[in-house]
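There are 2 protein chains.
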Amino acid sequence: MEHSDFRALFGLSAFSEEEALRIYVQRQFSRIVAHGVDYDVAQRVVGRITAFDKWAPEWAGEGGYWEAIAVKARRRGHRTTAMNAFFLASSCYRVAQHILHDDAAKMACYPKVVSLFETAGKLMSPPLERVSIRSSYGPLHAYLSVPAGRGRLPAVILAGGADGWREEYLPITLIFLERGFAVLNVDAPGQGAARLFRKTAMPVDVERFFSAAVDFLLKTPRIHPQQIFMLGHSVGGYLTLRTAAADRRLAACAALGAPFELLSIFDASPPARRINFSLLCGAREPEQGREILRQFTLEGLLNRISCPVLIIHGMKDSVVPFSHVERICSEVRSSVDLRTFEHGIHTCDNYVGEVYPLIADRFLDYAGGSRRRMTRRIANEVPA
Amino acid sequence: MEHSDFRALFGLSAFSEEEALRIYVQRQFSRIVAHGVDYDVAQRVVGRITAFDKWAPEWAGEGGYWEAIAVKARRRGHRTTAMNAFFLASSCYRVAQHILHDDAAKMACYPKVVSLFETAGKLMSPPLERVSIRSSYGPLHAYLSVPAGRGRLPAVILAGGADGWREEYLPITLIFLERGFAVLNVDAPGQGAARLFRKTAMPVDVERFFSAAVDFLLKTPRIHPQQIFMLGHSVGGYLTLRTAAADRRLAACAALGAPFELLSIFDASPPARRINFSLLCGAREPEQGREILRQFTLEGLLNRISCPVLIIHGMKDSVVPFSHVERICSEVRSSVDLRTFEHGIHTCDNYVGEVYPLIADRFLDYAGGSRRRMTRRIANEVPA
Numbered sequence: 001m002e003h004s005d006f007r008a009l010f011g012l013s014a015f016s017e018e019e020a021l022r023i024y025v026q027r028q029f030s031r032i033v034a035h036g037v038d039y040d041v042a043q044r045v046v047g048r049i050t051a052f053d054k055w056a057p058e059w060a061g062e063g064g065y066w067e068a069i070a071v072k073a074r075r076r077g078h079r080t081t082a083m084n085a086f087f088l089a090s091s092c093y094r095v096a097q098h099i100l101h102d103d104a105a106k107m108a109c110y111p112k113v114v115s116l117f118e119t120a121g122k123l124m125s126p127p128l129e130r131v132s133i134r135s136s137y138g139p140l141h142a143y144l145s146v147p148a149g150r151g152r153l154p155a156v157i158l159a160g161g162a163d164g165w166r167e168e169y170l171p172i173t174l175i176f177l178e179r180g181f182a183v184l185n186v187d188a189p190g191q192g193a194a195r196l197f198r199k200t201a202m203p204v205d206v207e208r209f210f211s212a213a214v215d216f217l218l219k220t221p222r223i224h225p226q227q228i229f230m231l232g233h234s235v236g237g238y239l240t241l242r243t244a245a246a247d248r249r250l251a252a253c254a255a256l257g258a259p260f261e262l263l264s265i266f267d268a269s270p271p272a273r274r275i276n277f278s279l280l281c282g283a284r285e286p287e288q289g290r291e292i293l294r295q296f297t298l299e300g301l302l303n304r305i306s307c308p309v310l311i312i313h314g315m316k317d318s319v320v321p322f323s324h325v326e327r328i329c330s331e332v333r334s335s336v337d338l339r340t341f342e343h344g345i346h347t348c349d350n351y352v353g354e355v356y357p358l359i360a361d362r363f364l365d366y367a368g369g370s371r372r373r374m375t376r377r378i379a380n381e382v383p384a
Numbered sequence: 385m386e387h388s389d390f391r392a393l394f395g396l397s398a399f400s401e402e403e404a405l406r407i408y409v410q411r412q413f414s415r416i417v418a419h420g421v422d423y424d425v426a427q428r429v430v431g432r433i434t435a436f437d438k439w440a441p442e443w444a445g446e447g448g449y450w451e452a453i454a455v456k457a458r459r460r461g462h463r464t465t466a467m468n469a470f471f472l473a474s475s476c477y478r479v480a481q482h483i484l485h486d487d488a489a490k491m492a493c494y495p496k497v498v499s500l501f502e503t504a505g506k507l508m509s510p511p512l513e514r515v516s517i518r519s520s521y522g523p524l525h526a527y528l529s530v531p532a533g534r535g536r537l538p539a540v541i542l543a544g545g546a547d548g549w550r551e552e553y554l555p556i557t558l559i560f561l562e563r564g565f566a567v568l569n570v571d572a573p574g575q576g577a578a579r580l581f582r583k584t585a586m587p588v589d590v591e592r593f594f595s596a597a598v599d600f601l602l603k604t605p606r607i608h609p610q611q612i613f614m615l616g617h618s619v620g621g622y623l624t625l626r627t628a629a630a631d632r633r634l635a636a637c638a639a640l641g642a643p644f645e646l647l648s649i650f651d652a653s654p655p656a657r658r659i660n661f662s663l664l665c666g667a668r669e670p671e672q673g674r675e676i677l678r679q680f681t682l683e684g685l686l687n688r689i690s691c692p693v694l695i696i697h698g699m700k701d702s703v704v705p706f707s708h709v710e711r712i713c714s715e716v717r718s719s720v721d722l723r724t725f726e727h728g729i730h731t732c733d734n735y736v737g738e739v740y741p742l743i744a745d746r747f748l749d750y751a752g753g754s755r756r757r758m759t760r761r762i763a764n765e766v767p768a
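Protein chains in written order, with this note's numbering: chain A, 1 to 384; chain B, 385 to 768.
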């Protein structure tokens, strides 16, 4: 299949171009707005898109518009405006490349996503720093932000899905930052910049990479070693649960729209998602991807999780059926808290204002709990 | 006319209830999102509204939902979540009452708008304080927020329109706060809480009230006396220009979607806006309102303005024609900067992410300019 036959890619061949595009926009809109594009900006850009092949150029054009505003604001010393406009420019280029599959057009767009994001990150206070996670997969870049001040902080690792990567999670990062968390935003091998620029593929035992991320946080000043959390979306939720099963240093974890295994999701998916899944695990063709994906399952792992688990699921999730969640909840032996949203779409992208504060606050409760446990432990060491 | 005949009120009698509601939602949506309701929350609520008489109860219901989340979060010590949820709850009640005209249903809703907003404001850091502006119209309440730290700050007075009041401008307030401004958010006589709870009407020479607001700021610690700015929307833009003409203490001012006079706007308006304008100036009936409004004009005033003026206008403004802006620009003798947005609706509600940073940064430039002038003046006092 040509990667330019968008109606076929999205399983919308039965519709006219216009109708297929309308459906695609409707599916993507909440995610676009949730992850950093102002409603009105998104509305204007999609209003200009009259065919699928205009998606990438129109979004990239909007990215250029905001980049120009950002550059001008920075030159005039308007730091906040420059920072926001650089982030928005990065987001527009991210939405532009989202529709493409590792071809030349995507590779032309993605460096903009990263460089504009990093430029914006430097203007944040405290800055969003580019850091390097050393692991057996080679050094992979991540973003770290640590709130200013003194005292040890809880930290959260954010893991993205098959096509949602580091730069997409800035709004989530901000929700955690304003609640006093340090945030580490990573692309695992096979994801985002780690795949496109480092040519990595996701291994079955990818939890080793996330353990390296935990190692990194434990070496980061001011991070409380007993308050490291992890949160993942979609495939990132699967990664989070794998990591929690393998690494007892997580204080708690949360997964949104997480699958139990990837094969059945792959089989039920339109070509675009099959391609994403295949690229993720290093396969050039979906047939090969399907074979590799057989191994991507939580089977036999979840009973090893010892930390509290928060599962969030939208009951209108058209990607991951609720049966996956039921299986996850039934196999985890530690404390599991399931919160469903009746009108929630995949990864509850239409509930960001409710879901992320809920997760961050829950993690803070756990952190408080571990502090209380610590206090007890210390008290026990004092002779009565 | 019954205030419950919404199609007639909005000039949509030619349409079915369903179609009229769709048009109304489309007109209001950007404003609702721009002024504090998450896109997805707004989308869900309007999705539940099947007829005009469901507007107020559905929005109030959503307000109650967020109030419950806020109260629970506050009880658990989750301050940021509580603050945001109280603000969102207030916004939902504000959108609920917006469709109503000073009747019992509105009076039942509005205290929630104010009390939830004030509760949220107390959780902000620095807090959004309720303060009292003393003037010949009696003491009227306003919101003041002064960024923490040391040093003298620029300040901005925000003025709302015929039906957009203090509590609506929180997102704008935040844009100024993060750029280091103190913000004073007022309801003039005849607007919002000042009308509904204090039974005031807007006098023709309402600039006296805003001068009292300037007096208040000059008595507020840390406000730089030569860096007081004013910004107004729609009728608030008219108020801003009146004030700038009468009070030379403004360092600069900005008006969005500002009319030159109100009579022609009144005459071209559907009944809902005629009622709003009439209530504003204390008339019980539109016929009486129309007579009073004849006096609401900038004629003969604008040549008295001595500070720089920034005019912003959306070229798709269906309330205030561009001819008003042309007349304003031609009569102001001081520096006028006009910035138009080709796709901008009334008061550029669909460009908030671009317009308010632009205004705040421009004011900062003026503040820098006045600092430079001050430096020169001080330098002159030092004998050479």
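In this text, a Cβ means the ideal position worked out from N, Cα and C, and glycines have one as well. Nothing here was measured: the structure is a model prediction, and the numbers come from that model.
Expected contact under 8 Å - CB spacing of residue i and residue j to nearest Å
i	j	result
leucine 507 of chain B	isoleucine 517 of chain B	In fact, because the Cβ distance is near 23 Å, the residues do not count as touching under 8 Å.
cysteine 713 of chain B	leucine 634 of chain B	Not really, about 18 Å apart at Cβ, beyond 8 Å.
phenylalanine 6 of chain A	phenylalanine 52 of chain A	4 Å
serine 718 of chain B	valine 693 of chain B	6 Å
Close-in-space but distant-in-sequence residues of the same chain around residue i (CB under 7 Å, 5 per side omitted)
i	result
histidine 482 of chain B	Asp547
glutamate 331 of chain A	Leu302, Asn303
arginine 432 of chain B	Glu442
leucine 209 of chain A	The question names leucine, yet the displayed sequence has phenylalanine at residue 209 of chain A. Taken in chain order, the residues that qualify are Ser135, Tyr137, Ala188, Pro189.
Contacts around residue i, its chain only, beta-carbon distance under 6 Å, and the 5 residues preceding and following it disregarded
i	result
valine 479 of chain B	Ile416, Trp443
glutamate 513 of chain B	Leu528
arginine 179 of chain A	Ala360
tyrosine 553 of chain B	Leu542, Asn569
arginine 460 of chain B	none
alanine 751 of chain B	Pro538, Gln611
glycine 36 of chain A	Ser91, Leu170, Pro171
glutamate 591 of chain B	Arg626, Thr627, Ala630
leucine 722 of chain B	Ile695, Cys713
Short Cβ contact (8 Å threshold) for residue i with residue j
i	j	result
phenylalanine 747 of chain B	phenylalanine 613 of chain B	yes
alanine 89 of chain A	tryptophan 66 of chain A	yes
alanine 418 of chain B	aspartate 745 of chain B	no
glycine 737 of chain B	valine 45 of chain A	no
histidine 730 of chain B	serine 618 of chain B	yes
leucine 580 of chain B	tyrosine 521 of chain B	no
arginine 78 of chain A	histidine 3 of chain A	The sequence shown places histidine at residue 78 of chain A, rather than the arginine named in the question. Not a contact, by the Cβ cut-off of 8 Å.
glycine 447 of chain B	alanine 543 of chain B	no
alanine 394 of chain A	isoleucine 305 of chain A	Absent from the structure is residue 394 of chain A, since the part of chain A shown begins at 1 and ends at 384.
proline 357 of chain A	isoleucine 172 of chain A	no
isoleucine 649 of chain B	valine 720 of chain B	no
glycine 621 of chain B	leucine 640 of chain B	yes
Exposure of residue i, with buried meaning 16 or more beta-carbon neighbours within 10 Å
i	result
phenylalanine 706 of chain B	exposed
glycine 314 of chain A	buried
tryptophan 299 of chain A	Strictly speaking, residue 299 of chain A in this sequence is glutamate, with tryptophan absent from that position. That one is exposed.
alanine 532 of chain B	exposed
lysine 496 of chain B	buried
arginine 658 of chain B	buried
valine 739 of chain B	buried
serine 16 of chain A	exposed
valine 204 of chain A	exposed
alanine 488 of chain B	exposed
aspartate 422 of chain B	buried
glutamate 551 of chain B	buried
serine 30 of chain A	buried
Heavy atom of the ligand FMN within 7 Å of residue i beta-carbon
i	result
aspartate 163 of chain A	As presented, the structure is devoid of all ligands, the ligand FMN included, so that no description of it is given.
Sequence-distant residues of its chain with Cβ nearer than 8 Å to residue i (five each side left out)
i	result
leucine 217 of chain A	Ala155, Ile157, Ala182, Leu184, Ile223, Ile228
Residue from the options whose Cα sits closest to the Cα of residue i
i	options	result
arginine 242 of chain A	A:Ala194, A:Gln295, A:Lys199	A:Gln295
serine 499 of chain B	B:Ser475, B:Asp599, B:Leu561	B:Ser475
leucine 12 of chain A	A:Ala272, A:Glu287, A:Gly344	A:Ala272
valine 530 of chain B	B:Pro511, B:Ala638, B:Arg411	B:Pro511
arginine 668 of chain B	B:Asp599, B:Thr584, B:Asn468	B:Thr584
arginine 582 of chain B	B:Ala597, B:Ala596, B:Leu664, B:Arg536	B:Leu664
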